[in-house]
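K.L.:
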Amino acid sequence: MLLLLVMGLTFQSAATRGGGRAAAAAFSSDSSRVALARAHPDTMRARVARLLARAAGAPSESAETDLSEAEALARAYAAAWADSFLIRRVERFRRWPPAERRVKAAADSLRLAGNDAFGSRGVAAAMRLWRRSADLCAQVADSAGLAMAWGNVGRGFSVQDQADSATVYYTRSLEYAERTGDFWTAGNAAGALASINEEQGNPRRAMELLQRSSALRARVGDDRGAAADENTRGNLAQSLGDLPAAREAYTRALEGNRRAGRRGPAATNLINLGNLFALTGDLDSAAACYREALGQFRAVGSRSDQAEALHDLGLLALRGGDYRLGVARFREALAIYRITGPAVSVAAVQQDLAEARAAMGDLQGALQELEHAEAGALTAGAGPAQRAGLALAQADLNA
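So the sequence shown is numbered by our numbering: it starts at 3 and just counts up by one.
(1) In the segment 202-284, which residue ranges form an unbroken beta strand (DSSP E) of at least 3 residues, counting only runs that do not cross its ends?
(2) Rounded to the nearest angstrom, what separates ASP85 and ALA149 at their Cα positions?
(3) Suppose you measure from the CA of GLN162 to the CA of GLU371; what does that come to, to the nearest Å?
(4) By DSSP, does LEU394 sit in helix, in strand, or in coil?
(5) Give the secondary structure of GLY124 by DSSP, where H, G and I count as helix, E and B as strand, and everything else as coil.
(6) Can you tell which of ARG91, TRP83 and ASP44 has the C-alpha that lies nearest to the C-alpha of LEU54?
(7) Is the number of C-beta pairs between the segment 359-369 and the segment 334-346 that are closer than 8 Å three or more?
(8) Quick check: the segment 273-283 against the segment 240-257, are there 3 or more CB pairs under 8 Å?
(9) Reducing DSSP to helix, strand and coil, say where TRP98 ends up.
(10) The alpha helix (DSSP H) spanning GLN353 covers which residue range?
(11) Under a Cβ-count criterion, where at least 16 other Cβ atoms within 10 Å of its own Cβ denotes burial, should ARG103 be classed as buried or exposed?
(12) Using CA coordinates, which residue listed in THR187, ARG130 and SER197 is at the minimum distance from SER160?
(13) Using C-beta distances below 7 Å, list every residue in its chain close to ALA168, excluding the 5 sequence neighbours before and after it, in chain order.
(14) When DSSP labels each residue in this structure, what does PRO61 get in the three-state scheme?
(15) Going straight from the alpha carbon of GLU66 to that of ASP184, what length do you get?
(16) The alpha helix (DSSP H) with GLY156 in it runs from where to where?
(17) Can you tell which of ALA239, ASN233 and PRO246 has its C-alpha closest to the C-alpha of ASN259?
(18) Could you tell me the distance, in whole angstroms, from the CA atom of GLY116 to the CA atom of PHE332?
(19) On the three-state DSSP scale, how would you describe HIS374?
(20) Below 8 Å on the Cβ atoms is my contact criterion, and I expect ARG219 with ASP231 to pass it. Report the Cβ-Cβ distance as a whole number of Å.
(21) Could you tell me if SER33 is buried or exposed, where buried requires 16 or more neighbouring beta carbons within 10 angstroms of its beta carbon?
(22) Which of the three DSSP states is assigned to VAL142 in this structure?
(23) Is SER86 helix, strand or coil by DSSP?
(24) What whole-angstrom Cβ distance do ALA179 and SER215 have, given they're in contact under 8 Å?
(25) Sorted by chain position, which residues of the same chain lie with C-beta nearer than 8 Å to ALA228's C-beta, five sequence neighbours on each side aside?
(26) So the alpha helix (DSSP H) SER175 belongs to, where does it begin and stop?
(27) In angstroms, rounded to a whole number, what distance separates the CA positions of ALA390 and ALA356?
(28) Determine the direct distance from the alpha carbon of ALA289 to that of ALA269, and round the result to whole angstroms.
(29) Count the other C-beta atoms from every protein chain shown that fall within 10 angstroms of the C-beta of GLU93, then say buried if there are 16 or more, exposed otherwise.
(30) Could you tell me how far apart the beta carbons of ALA57 and LEU69 are, in whole angstroms, since I believe they sit closer than 8 Å?
(31) If you draw a straight line from the C-alpha of GLN361 to the C-alpha of ARG326, how long is it?
(32) Below 7 Å between beta carbons: does that hold for ARG113 and ALA151?
(33) In chain order, what residues of the same chain lie with their CB nearer than 8 Å to the CB of LYS106, ignoring the 5 residues before and after it?
(34) Taking its Cβ as the centre, do 16 or more other Cβ atoms sit within 10 Å of ALA393, making it buried, or is it exposed?
(35) Should ARG321 be labelled buried (16 or more other beta-carbon atoms within 10 Å of its own) or exposed?
(36) Just reading off the alpha helix (DSSP H) that HIS42 is part of, what are its end residues?
In structure tokens form, the structure reads like this:
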């Protein structure tokens, strides 16, 4: 429930700027609510969810107060975005008996706890919470909740390099979200599917899904999602060899996330810009991007993302010939990935650590690292490309 509380407080801070009287006016005036919904649709949705969660455990009189406020905010959101999803959500919650309300609140709490666990404790811990959330949503036939939970499960599979399973869950999320009229969640699922298709070398399908996700996001004012789509456009342009277009897209995503104060997503954009600079040989600019991203990930407490930035800094050190620094960065990344996972990332860092040790003349140590990496890759169900890369690296060292 912590994330709901934080987002709810964020919403309140926007409404209460200028003092208590301003806050009262904001929430008592329909026009003020509509203006807030237009400017901050994501926090409006979070505020409604928080009110429903509070109503689930409140006495009947207090619950009615929360539901009435949720209805008013849902109507304002509908007026701002011509989207009645929140109104339907509140109406259905009101029809549920107390026991089903509590199940719904527990499902939402578990899903948000999974989001928090993803960055701090790793994908395995997050997946357990997301799956439990989906199970509870199924108990009360909450299709909209299932769409959100399945989208999270798809994210977990995607991070573990299990694209087929990720596609299954993202597709389910997209279908259920569109069926229930939750265009926000549908946009997230379509955008994620676009990213998977880009990674798998299907640019035409990726572009089709990007157009679909962008249209859905524009419909509900999902600025965060729009920035994510720009990031995917950058990935797509880079894979097609259009590096100037890739840089422009990453920069647009970064600027949008910085304006909104989204430090984690902005750091992801910095990682991609750093990769682009490294590809073009501008190692100093690449290092600056990676270091800034590492600082942002540390600030938001996303440990697995910190490991990614450290891994990239290690690779950059190898390119610059500083093998000791590369080894140090790889060991830092490896220590985090061993806690947070996924196992395929552990294997990837071990392979690069082996390369660094080989470059320093420690061929036996390099072989040991590769053996550990191969065992981890097999356990994690790594794809054929990673397994082939490990086998080739072993062959090179043996030769």
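Beta carbons are placed, not taken as given, at the ideal position from N, Cα and C, and that holds for glycine.
None of the values given here were measured: they were computed from a predicted structure.
P.N.:
Straight from the coordinates:
(1) none
(2) Stepping through the sequence shown from its first residue, residue 85 is reached at position 83. Stepping through the sequence shown from its first residue, residue 149 is reached at position 147. Cα to Cα, the separation comes out at about 17 Å.
(3) Position 160 of the sequence shown, counted from the first residue, corresponds to residue 162. Position 369 of the sequence shown, counted from the first residue, corresponds to residue 371. GLN162 and GLU371: Cα-Cα distance of roughly 21 Å.
(4) On the sequence shown, residue 394 is found 392 positions in, with the first residue counted as 1. Under the three-state reduction of DSSP, LEU394 is assigned to helix.
(5) Along the sequence shown, one-based indexing puts residue 124 at 122. Per DSSP, reduced to three states, the secondary structure at GLY124 is coil, with no helix or strand assignment.
(6) What you label residue 54 is simply residue 52 of the sequence shown in a count that begins at 1. The residue among ARG91, TRP83 and ASP44 with its C-alpha nearest the C-alpha of LEU54 is ARG91.
(7) no
(8) yes
(9) Sequence index remark: in the sequence shown, residue 98 carries index 96 (1-based). Three-state result, TRP98: coil.
(10) Here residue 353 corresponds to residue number 351 of the sequence shown, with the count starting at 1. It spans 345-361 - the alpha helix (DSSP H) in which GLN353 sits, taken as one unbroken run.
(11) Working through the sequence shown from its first residue, we reach residue 103 at position 101. Buried, by the Cβ-count rule.
(12) Position 158 of the sequence shown, counted from the start, is the residue given in the question as residue 160. Selected option, being the one with the closest Cα: SER197.
(13) Taking the sequence shown and counting its residues from 1, one reaches residue 168 at position 166. The answer, listed in chain order, is GLY156, PHE159, SER160 and ILE198.
(14) Here residue 61 refers to the residue found at position 59 when the sequence shown is read from its first residue. Correct three-state label for PRO61: coil.
(15) The sequence position of residue 66 within the sequence shown is 64, counting from 1. The sequence position of residue 184 within the sequence shown is 182, counting from 1. Roughly 24 Å between the two C-alpha positions.
(16) Residue numbering aside, residue 156 sits at position 154 when the sequence shown is read from its first letter. Here the alpha helix (DSSP H) through GLY156 covers 145-161.
(17) Residue numbering aside, residue 259 sits at position 257 when the sequence shown is read from its first letter. Residue ASN233 is the option with its Cα nearest to ASN259.
(18) Residue 116 sits at position 114 when you count from the first residue of the sequence shown. Residue 332 sits at position 330 when you count from the first residue of the sequence shown. Approximately 27 Å, taken between the alpha carbons.
(19) Translated into positions along the sequence shown, residue 374 becomes position 372. Correct three-state label for HIS374: helix.
(20) Taking the first residue of the sequence shown as position 1, residue 219 is located at position 217. Taking the first residue of the sequence shown as position 1, residue 231 is located at position 229. Rounded, the Cβ-Cβ distance is 7 Å, consistent with contact.
(21) Reading the sequence shown from its first residue, position 31 is the one you call residue 33. By the neighbour-count rule (16 or more Cβ atoms within 10 Å), SER33 is not buried but exposed.
(22) The residue labelled residue 142 in the question sits at position 140 within the sequence shown. VAL142: coil per DSSP, three-state reduction.
(23) On the sequence shown, position 84 is the one that residue 86 refers to. Looking at SER86 - three-state DSSP - the assignment turns out to be coil, as it is neither helix nor strand.
(24) In the sequence shown, counting from the first residue as 1, residue 179 sits at position 177. In the sequence shown, counting from the first residue as 1, residue 215 sits at position 213. Wrong, their Cβ atoms sit about 11 Å apart, outside the cutoff.
(25) As a first step, residue 228 must be located in the sequence shown, where it is residue number 226. Around ALA228: SER216, ARG219, ALA220 and GLY258.
(26) Translated into positions along the sequence shown, residue 175 becomes position 173. SER175 -> alpha helix (DSSP H) spans 165-182.
(27) Residue mapping note: residue 390 aligns to position 388 of the sequence shown, counting from 1. Residue mapping note: residue 356 aligns to position 354 of the sequence shown, counting from 1. Cα to Cα, ALA390 sits roughly 15 Å from ALA356.
(28) As a working mapping, residue 269 is identified with position 267 in the sequence shown. As a working mapping, residue 289 is identified with position 287 in the sequence shown. Answer to the nearest angstrom: the Cα atoms are 13 Å apart.
(29) For the purposes of this step, residue 93 is taken as the residue at position 91 of the sequence shown. Under a 10 Å Cβ-count criterion, GLU93 is classified as exposed, with fewer than 16 other Cβ atoms of the shown protein chains found around its own Cβ.
(30) Here residue 57 is taken as the residue at index 55 of the sequence shown, counted from 1. Here residue 69 is taken as the residue at index 67 of the sequence shown, counted from 1. That pair is a contact at about 5 Å.
(31) Counted from its first residue, the sequence shown places residue 361 at position 359. Counted from its first residue, the sequence shown places residue 326 at position 324. One detail in the question is off: residue 361 reads as Ala in this sequence, not Gln. So the alpha carbons of these two residues sit roughly 10 Å apart.
(32) Here residue 113 refers to the residue found at position 111 of the sequence shown. Here residue 151 refers to the residue found at position 149 of the sequence shown. Against a cut-off of 7 Å, the Cβ pair of ALA151 and ARG113 comes out as a contact.
(33) Locating residue 106 in the sequence shown gives position 104, counting from the first residue. The answer, listed in chain order, is LEU54, ALA58, PHE95, TRP98, LEU138, CYS139, VAL142, ASP144 and GLY147.
(34) Counted from its first residue, the sequence shown places residue 393 at position 391. So ALA393 counts as exposed.
(35) In the sequence shown, counting from the first residue as 1, residue 321 sits at position 319. Exposed.
(36) As a first step, residue 42 must be located in the sequence shown, where it is residue number 40. Per DSSP, HIS42 lies in no alpha helix (DSSP H) and is assigned neither H nor E.
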